Amino acid sequence: MKYISTRGDATPRAFCEILLEGLAPDGGLYLPVSYPKIDDATLTRWRGLSYAELAYEILSLFIDDIPAADLKALVSKTYTAEVFGTEAIVPVRALVENGQPSGLHIEALSNGPTLAFKDMAMQLLGNLFEYELGRRGEELNILGATSGDTGSAAEYAMRGKKGVRVFMLSPYGRMSPFQQAQMYSLQDANIHNLSVEGVFDDAQDIVKAVSNDLAFKRQYKIGTVNSINWARLLAQVVYYFAGYFQVTKHNTERVSFTVPSGNFGNVCAGHVARMMGLPVAHLVVATNENDVLDEFFRTGTYRVRGSADTYETSSPSMDISKASNFERFIYDLVGRDGARTKALFGDALSQSGAFTITDEERVAMAGYGFQSGSSSHADRLATIRSTWERFGSLIDTHTADGVKVAAEHVEAGVPMIVLETALPAKFAETIREAVGVEPSRPAKLEGIEALPKRFTVIKPETARVKAFIEQHCA
Ligand SMILES: *Cc1c(COP(=O)(O)O)cnc(C)c1O
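Heads up: the sequence shown begins at 241 in the working numbering, then just goes up one per residue.
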């Protein structure tokens with residue numbers, strides 16, 4: 241399988257070539273030249289597989305430059321019950337009230353080390369990076385800014401990995417005690433937490449400034465692990481199949497998925513699974529008050545927001561103003577026309593911050609199965625409460641946005657699977673506000689706030705961050 245850019249650069253690139261890269265050189269995102277199609281016999285065969293075996297089958301359709309035995313070993317060591325808590329890796333539970341099924345199911349994607357779904361992809365990425373860097377005899381310094389979730393998932397994926405160092409900037413004193421403990425308690429020599437005296441945007445600006453210094457970037461082999469990385473998206477395709485197999489018996493059955501969304505990375509993987517032939521009726525995009533995506537699916541207009549119009553909500557990992565993976569779906573929607581995608585994302589967005597698709601494109605969109613909805617803080621509280629009272633299931637704030645929107649789109653005879661993107665323990669304050677219950681933590685995270693912390697406080701100055709990187713790359 242080869243990869244091309246969404247903005248028209250059709251130079252075919254191999255998986256391992258794009259693995260360590262971000263954007264394509266023309267500013268687009270990488271996608272496979274085509275989606276492999278799964279026939280009925282294959283789907284039947286996959287039903288009986290373990291998660292790691294299934295992951296191998298799917299990944300091997302997209303990766304032909306890693307020998308089969310190596311790829312198998314990489315996925316087997318990634319998707320273990322030890323790391324993800326259960327043999328199923330992504331167990332699905334039905335929401336049942338007094339013996340009556342509601343049609344809603346929850347697929348648990350958040351039992352990895354940082355209790356959020358980003359571990360599903362990031363844990364694989366860590367192993368892929370270590371493998372490929374080792375093969376090339378190269379090193380990589382991952383530089384990122386985080387307000388919590390992505391940074392900790394990256395650190396837990398890269399800790400102890402040979403050839404990789406992580407320099408993660410976070411806003412000093414502005415993360416929850418739990419988040420700080422999660423990141424700063426890591427003692428691995430290759431993980432560097434830089435606590436910036438400023439806000440998240442200051443940290444983000446420094447990362448951009450360092451990345452724009454091309455000479456520095458090249459000399460110090462600076463890379464990222466952001467959500468546009470194709471390997472992350474690919475890893476996520478697997479759990480759509482795994483969820484489908486758990487709620488169906490025959491391939492003639494269809495299911496729908498509701499996906500709590502921000503950067504459109506998670507649901508884009510659902511789109512890929514559907515394009516491969518997974519029997520998906522609908523992909524329901526659930527947003528919080530930051531409803532850029534819901535607005536698009538309702539109106540055909542994509543309008544990015546400025547930071548003043550981006551709300552801080554109680555489902556903070558979905559507080560985005562611009563969905564960085566959205567371009568991938570639009571490229572498919574416009575018939576894989578790179579020039580059209582460039583006109584929309586490269587030109588219209590940078591000039592006016594918005595674009596509207598044509599009537600023809602809106603008609604075409606009906607063929608992709610998307611639906612959408614949004615949720616507010618009040619909805620979130622009410623949904624956490626009713627899911628707890630009716631079904632005895634405690635869910636986090638992001639999953640609550642999903643359940644709220646899913647309930648509006650359930651169809652008779654079509655199981656609706658809501659992706660659980662984080663555990664309630666991560667958002668204890670809102671859970672207490674909703675149900676007055678203290679969410680339990682996995683045993684291994686009890687008392688992490690008391691562990692010794694390892695981090696460096698740093699002034700929000702690009703030069704200081706560069707100097708820190710130089711010192712620690714010797
Ligand atoms: C990142 C994240 C999301 C949003 O996922 P996207 O791929 O950005 O759409 C939702 N919920 C949680 C808990 C997350 O960490």
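Ideal Cβ placement from N, Cα and C applies to all residues, glycine included. Predicted model, so just to flag it, every value in this text is computed and none were measured.
{"Query": "Which residues in the same chain have their Cβ closer than 7 Å to the Cβ of residue 481, if we skip the five residues on either side of it in sequence?", "Result": "286, 294, 298, 513 and 518"}
{"Query": "Taking the beta carbon of residue 381 as the centre, do at least 16 other beta carbons fall within 10 Å, making it buried, or is it exposed?", "Result": "buried"}
{"Query": "Helix, strand or coil: how does DSSP classify residue 607 here?", "Result": "helix"}
{"Query": "Start and end of the alpha helix (DSSP H) containing residue 536?", "Result": "532-539"}
{"Query": "Let me check one thing: in DSSP terms, what residues is residue 409 bridge-paired to?", "Result": "385 and 434"}
{"Query": "Measure the C-alpha to C-alpha separation of residue 402 and residue 370 and round it to an integer number of angstroms.", "Result": "6 Å"}
{"Query": "Only counting the same chain, and skipping five residues up and downstream in sequence, which positions put a Cβ closer than 6 Å to that of residue 640?", "Result": "620, 623 and 624"}
{"Query": "Could you check if residue 558 belongs to the surroundings of ligand 1, using beta carbon to heavy atom distance under 8 Å?", "Result": "yes"}
{"Query": "When you compare only the Cα positions, how much space is there between residue 699 and residue 437?", "Result": "5 Å"}
{"Query": "Let me know the secondary structure DSSP gives residue 711 once reduced to three states.", "Result": "helix"}
{"Query": "I'd like the ranges of any beta strand (DSSP E) spanning at least 3 consecutive residues and lying wholly in the region 458-513.", "Result": "495-500"}
{"Query": "If I follow the unbroken alpha helix (DSSP H) through residue 316, where does it start and stop?", "Result": "308-318"}
{"Query": "Taking the alpha carbon of residue 607 as the point to measure from, which residue in 523, 342 and 552 has its own alpha carbon closest?", "Result": "523"}
{"Query": "Under the assumption that residue 263 contacts residue 271 (Cβ atoms under 8 Å), give the Cβ distance between them as a whole number of angstroms.", "Result": "About 12 Å; that fails the 8 Å criterion."}
{"Query": "Taking the straight line between their C-alpha atoms, what separation do you get for residue 340 and residue 333?", "Result": "14 Å"}
{"Query": "Considering only their Cβ atoms, is the gap separating residue 695 from residue 434 smaller than 9 Å?", "Result": "yes"}
{"Query": "Might you give, ordered along the chain, the residues of its own chain that have their beta carbon closer than 7 Å to the beta carbon of residue 331, omitting 5 neighbours on each side?", "Result": "348"}
{"Query": "Just the Cα atoms here: how many angstroms apart are residue 335 and residue 657?", "Result": "10 Å"}
{"Query": "To the nearest angstrom, report how far apart residue 266 and residue 244 are at their CA atoms.", "Result": "11 Å"}
{"Query": "How long is the line joining the alpha carbons of residue 558 and residue 543, rounded to whole angstroms?", "Result": "16 Å"}
{"Query": "Since I believe residue 366 is in contact with residue 321 (beta carbons under 8 Å), could you give me their beta-carbon distance rounded to a whole number of angstroms?", "Result": "Going by Cβ atoms, the distance from residue 321 to residue 366 rounds to 18 Å, so no, they are not a contact pair."}
{"Query": "Kindly provide the ranges of any beta strand (DSSP E) runs that are 3 or more residues long and lie completely inside the region 270-348, ordered along the chain.", "Result": "270-272, 332-337 and 340-348"}
{"Query": "Should residue 338 go down as buried or exposed, given a rule of 16 or more other Cβ atoms within 10 Å for buried?", "Result": "exposed"}
{"Query": "Any chance you could list the alpha helix (DSSP H) runs of at least 4 consecutive residues sitting entirely within the region 538-612, in chain order?", "Result": "566-573, 578-581, 589-592 and 599-605"}
{"Query": "What span of residues does the beta strand (DSSP E) with residue 696 cover, start to end?", "Result": "696-698"}
{"Query": "Inspect the beta-carbon positions of residue 642 and residue 499 and report whether they are closer than 9 Å.", "Result": "yes"}
{"Query": "Does DSSP put residue 657 in a helix, in a strand, or in coil?", "Result": "strand"}
{"Query": "Using CA atoms only, rank isn't needed, just tell me which of 539, 547 and 456 is closest to residue 605.", "Result": "539"}
{"Query": "Suppose the cutoff is 7 Å on Cβ atoms and the five residues either side in sequence are ignored; what does the same chain contact list for residue 350 look like?", "Result": "356, 357, 660, 661, 662 and 663"}
{"Query": "How long is the line joining the alpha carbons of residue 527 and residue 585, rounded to whole angstroms?", "Result": "21 Å"}
{"Query": "Determine, using beta carbons only, whether residue 534 and residue 612 come nearer to each other than 9 Å.", "Result": "yes"}
{"Query": "I'd like to check one pair, residue 354 with residue 422: are the Cβ atoms closer than 9 Å?", "Result": "yes"}
{"Query": "Under DSSP, the alpha helix (DSSP H) around residue 527 begins and ends at which residues?", "Result": "Unbroken run through residue 527 is the beta strand (DSSP E), 520-527; no alpha helix (DSSP H)."}
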